[in-house]
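Note sheet for the following structure.
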Amino acid sequence: MSALLARLQQPIPAASLVAFRVAFGAVMVWESWRYASKGWIPRYYLEPAFNFTYAGFEWVAPLPGLGMYAVFAVMAMGGLGVALGFAYRTSAVLLFLTTAYVFLLAQAHYLNHFYLLVLLSGLLAVVPAHRVWSLDAWWERRRARKAGTPEPSSTVPLWSVWLFRAQLGIVYTYAGIAKLNADWLRGEPIGSWLANRADYPVLGPVFAEPWAGVVFAWGGLGLDLLALPFLLWRRTRMVAYLALVGFHLMNAWIFTIGVFPWAMIALTLIYFDHDWPTRLVQRVRRTAPTPVLLPAARPTPRWVLAGVAAFLVVQLVLPFRHWAHPGDVAWTEEGHRFSWRMKLRTKKVDAPRFFVVDRTNEVVEIVDPYAVLPRWQASSMVKRPDMILQFAHWLDAQAEADGQPDVAVYADIVARLNGRPAGRLIDPDYDLTQGRRSLLGFTPWVLTMDSAPAQHTEPLAVDRWDAPPMRTTAE
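For the sequence shown, the residue numbers in this note's numbering are 89 to 563.
What follows is the structure, given as structure tokens:
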């Protein structure tokens, strides 16, 4: 163990980690600008009347007025500070806090790539990625020269680079493992998505072919599973990287997935030699390589290494938590988030309805979620049982505010997964006001695909509660 700790703390050139820092900071500035320029700040955080939150973070709420704009401004400044290496620790911490806050605000807007940005911003706050090519390093060296004191170290410990290699490797590998399912191996849902893009130039006719989905599915599977070992082996590293560049560019062209492809193209360079940016600059300038002196590294506190190890263990275990739940995770959604399960399902819901039953006067109110929520929120909610539960509790609270303190809420949700036959997602006999959220996500009101066959998709009769009076939500 002592030999491993010594190896992990070995000093190495900081250049590759610095390139990672600059690229990530630039991505975060770009992401902040996208949210502001495209009107996403009011759309996702200010306009909705109801805020879907993650279990355990119900207390997180959007700031009113211009507060959310200030949050994104701080995020942009944090990203710029990280990229420039200016007040690096403060910038990195601010970047992490604002990114995590924004992520936790809107469960209905969950994105794997934004989750990754949260993780990477937190890791950057831990590592010394500002020791060279930063305003902080320039100032520290200038001050040391004036004082006649030794200049600060220009190296970083080996573990700081391998930390990011491990995190990106987890993303690639677990994305591949998640593709080992029957739907993906038969070319769905990617086959349906490609068929809808038959009008694309050049490759459109290829996308329309029946075999295109299978080819793309198996190609993506192989690339994800082989990415990490091929990036780690020097002989195949460049080939693997170029293949991943092509993969990400294709994704950026076919799908609307924001900054993720561009970020991964830039950040995956962390797998190359530690001094690749220095050698690249020397080659461009046509200068001879200069030897790099690596002084003895200052030992990293063991509590830091223990924290890093614990973080990686969580990242390795968390994606498998769906095994603790019955049913197909793509259907039940239990364990889907935070598991790098990307582009694996298309779930369509036909005419979702909620029934708010007043136990006092037996009045039934039929609620169309698309009539009371923004479309982007409603379309996300009706496919995800934990969000369906949140919406049911919100309907309960709204009814109580309207003078109905004793109501039951039932859901009629019929869904289709990846072109399969339709089935009921939620037990229509379960009063969702009795359901409770859990960090583990166990949801007894969710029907597995085996217990929700197509013959159980007929509309529910309103008089099933023996409640003749009825009204329908119209706004």
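Don't be surprised by glycine CBs; every beta carbon is placed ideally from N, CA and C.
Note that this is a predicted model, so its numbers are computed, not measured.
Note that the C-beta distance between alanine 217 and phenylalanine 160 is not below 8 Å. In the DSSP annotation of this structure, the continuous segment of the beta strand (DSSP E) that includes leucine 505 starts and ends at 495 to 505. If you keep only unbroken alpha helix (DSSP H) runs of at least 4 residues inside the stretch 427 to 504, you get 457 to 460, 463 to 469, 473 to 489. Of the candidates His413, Leu535, Thr388, the residue whose Cα lies closest to the Cα of arginine 95 is Thr388. The residue among Ala188, Ala232, Ala180 with its C-alpha nearest the C-alpha of valine 215 is Ala180.
Annotation for isoleucine 100: no alpha helix (DSSP H) segment contains it, though the beta strand (DSSP E) segment containing it runs 99 to 101. For proline 130, there is no enclosing alpha helix (DSSP H), as DSSP gives it neither H nor E. In the three-state DSSP reduction, glycine 310 falls in the helix class (H, G or I). Spanning the alpha carbons of aspartate 446 and isoleucine 454 requires a straight line of approximately 11 Å. Separation of methionine 469 and alanine 296 (C-alpha to C-alpha, rounded to the nearest whole angstrom) is 31 Å. In the three-state reduction of the DSSP assignment, isoleucine 353 falls in the helix class.
Between phenylalanine 191 and tyrosine 203, the gap from beta carbon to beta carbon is short of 8 Å. DSSP places valine 244 in the uninterrupted beta strand (DSSP E) bounded by 243 to 245. For the 8 Å CB-CB criterion, alanine 196 and phenylalanine 140 form a contact. Residue burial is scored here from C-beta neighbours: valine 405 has fewer than 16 other C-beta atoms within 10 angstroms and is therefore classed as exposed. Classified as buried, proline 365 has 16 or more neighbouring CB atoms from the shown chains inside 10 Å of its CB. Around the beta-carbon of glutamate 119, 16 or more other beta-carbon atoms lie within 10 Å, marking it buried. Assignment of glycine 334 by DSSP, reduced to helix, strand and coil, places it in the helix class.
Residue nearest to alanine 503 within the set Trp482, Ser209, His201, Thr536 is Thr536 (criterion: CA-CA distance). Residue state for glycine 346 is assigned as coil, using DSSP reduced to three classes. In this structure, the beta-carbon distance from aspartate 363 to alanine 107 does not fall below 8 Å. Of the residues Val396, Thr178, Leu256, Trp281, the one whose Cα lies closest to the Cα of isoleucine 358 is Leu256.
Alanine 487 and valine 495 have their C-alpha atoms spaced approximately 7 Å apart. The beta carbon of valine 302 sits closer than 6 Å to those of Gly275, all from its chain and outside the five residues before and after it, given in chain order.
With a cut-off of 8 Å on Cβ pairs, the stretch 459 to 468 is in contact with the stretch 132 to 147, counting three or more such pairs. Excluding its 5 nearest sequence neighbours in each direction, valine 206 has C-beta neighbours in its own chain below 8 Å: Phe184, Thr187, Ala188, Phe191, listed in chain order. By DSSP's assignment, arginine 512 forms a beta bridge with Val502. The shortest CA-to-CA distance from valine 396 to any of Phe252, Ala305, Phe360 is the one to Phe252. With a beta-carbon spacing of about 18 Å, glutamine 98 and proline 240 fall beyond the 8 Å limit used to define contacts. The bridge partners DSSP lists for valine 534 are Ile514. A buried status is given to threonine 243, since no fewer than 16 other beta-carbon atoms sit within 10 Å of its beta-carbon.
The Cβ neighbour count for glutamate 421, taken over all protein chains shown within 10 Å, is at least 16; the residue is labelled buried. With a threshold of 16 other beta carbon atoms within 10 Å, leucine 92 falls short and is exposed. Spatial neighbours of aspartate 416 in its own chain (CB-CB distance under 6 Å, excluding positions within 5 residues in sequence) are listed in chain order as Met537. From the listed residues Gly423, Met163, Met352, Asp438, the smallest Cα separation to glycine 210 is found for Met163. Taking C-beta separations shorter than 8 Å and ignoring five residues to either side along the sequence, the partners of alanine 158 in its chain run Leu151, following chain order.
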